[in-house]
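To start, the structure under review is shown below, and the notes come after it.
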Amino acid sequence: MKQIERQIKRRFLIGSQVSEKSIMSDLTTQNYPERSVHKVLQIMIRRGEVQHRMQRRMLYRVK
Numbered sequence: 021m022k023q024i025e026r027q028i029k030r031r032f033l034i035g036s037q038v039s040e041k042s043i044m045s046d047l048t049t050q051n052y053p054e055r056s057v058h059k060v061l062q063i064m065i066r067r068g069e070v071q072h073r074m075q076r077r078m079l080y081r082v083k
């Protein structure tokens with residue numbers, strides 16, 4: 021789980037936004053399970069590190 025979180029944080033910088041589909045596809049091609057990636061994203065959203073934007077299509081990194 022921490023590896024996936026590190027990859028997500030490395031994938032997009034603070035203040036930038038990326039589509040959730042592109043993150044899911046990038047990490048699943050790196051052989052991370054889709055369910056685990058989704059779970060890590062939800063944890064990061066709960067912590068306030070990431071926010072959903074544009075009807076939950078885009079992810080915006082806050083911290």
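Position one of the sequence shown corresponds to residue 21 (my numbering), numbered consecutively onward. Glycine is no exception: its CB is placed at the ideal position from the N, C-alpha and C atoms.
{"Query": "Using DSSP with H/G/I as helix, E/B as strand and the rest coil, what is S45?", "Result": "helix"}
{"Query": "Which residues does DSSP list as the beta-bridge partners of H58?", "Result": "DSSP, once it has assigned bridges, lists no residue as partnering H58."}
{"Query": "Pick helix, strand or coil for M64, following the three-state DSSP scheme.", "Result": "helix"}
{"Query": "Would you mind working out which of R73, Y52, K83 and S36 sits nearest M64, comparing C-alpha positions?", "Result": "K83"}
{"Query": "Can you give me the C-alpha to C-alpha distance between V38 and M78, rounded to a whole angstrom?", "Result": "6 Å"}
{"Query": "Can you tell me which of the three DSSP states M31 falls into?", "Result": "One detail in the question is off: residue 31 reads as Arg in this sequence, not Met. In this structure, R31 counts as helix in the three-state DSSP scheme."}
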